[in-house]
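Peer 1: Residue numbers (the working numbering): 15 to 194.
1) Let's see if you can read the secondary structure: which residues bound the beta strand (DSSP E) around residue 72?
2) State yes or no: is the C-beta of residue 126 within less than 9 Å of the C-beta of residue 69?
3) Which two residues bound the contiguous beta strand (DSSP E) that contains residue 119?
4) Between the stretch 169-185 and the stretch 148-161, can you find at least three pairs of beta-carbon atoms closer than 8 Å?
5) My understanding is that residue 80 touches residue 93, with C-beta atoms under 8 Å, so please give their C-beta distance in whole angstroms.
6) Helix, strand or coil for residue 164, going by three-state DSSP, please let me know.
7) Under the assumption that residue 138 contacts residue 155 (Cβ atoms under 8 Å), give the Cβ distance between them as a whole number of angstroms.
8) Quick one: what's got a C-beta closer than 8 Å to residue 180's C-beta in the same chain, skipping five residues either side?
9) By Cβ distance, which residues of its chain are closer than 6 Å to residue 151, with the 5 residues on each side in sequence left out?
10) What separation, rounded to the nearest whole angstrom, lies between the Cα atoms of residue 17 and residue 122?
11) If you drop the 5 nearest sequence neighbours on each side, which residues of the same chain put their C-beta closer than 6 Å to that of residue 35?
12) What are the boundary residues of the beta strand (DSSP E) that includes residue 33?
13) Compute the distance between the beta-carbons of residue 63 and residue 86, then report whether it is under 9 Å.
14) Can you give me the start and stop residues for the beta strand (DSSP E) that residue 16 sits inside?
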C-alpha cells in the first residue's frame, strides 16, 4: 500500500470571526503558502488516498507489464504478456477467472494484485508427416499420441502445438499425466 496525496484543505478562522476555506484536489495540487494575520487560527488538513501495488512477473521467454504500478480501488489497469521466445499459456495470481488465458486484459483494482505470466516448461510440436522428436516445428512428431506419450511423466505445465493438416487416426488419443 502506498499513500498518495489526494489534496488539502486550509481553514482559516480570522480574528473577526469569519472563516475562509481553500481546497485543492489531486489534479490541482499547488503550493500551499499562506501567512495568517495576527489573531488568525489556521488548520491545514492533508487528504490521502490508499494506492495498491500492481506487481507483474513472467516466466522465462515471456515479458509482462501493467499499465500502472500503483492504483486506487476502482481504477482500471491493463495487464499484458508478450511472447518473446516462449508461448504464453495462462496467468496465475490475482487474475479474474474470465481472463486467465487472455494475453492482455483490463480489470478493476480491488486491492493489491500480483500476477505471473506462465510459459510451459516443455513444448512438443506435431505436423502431418513429421518424423522427429517433437523439439521444434522442423523436428516435429507425426502424430499427437507420440507427443502426449513424451509428456506423460512431466510434472509441470506442458504444451503440444499441432499444425493444421490431416492426421491418420488409428486409435483415440489419450492417457494421463502427472502435471498439476
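Here a beta-carbon is modelled for each residue, glycine too, at the ideal position from N, C-alpha and C.
Peer 2: Looking at the atomic coordinates:
1) 55-72
2) yes
3) 118-122
4) yes
5) 5 Å
6) helix
7) 7 Å
8) 142
9) 139
10) 19 Å
11) 25
12) 33-39
13) yes
14) 16-27
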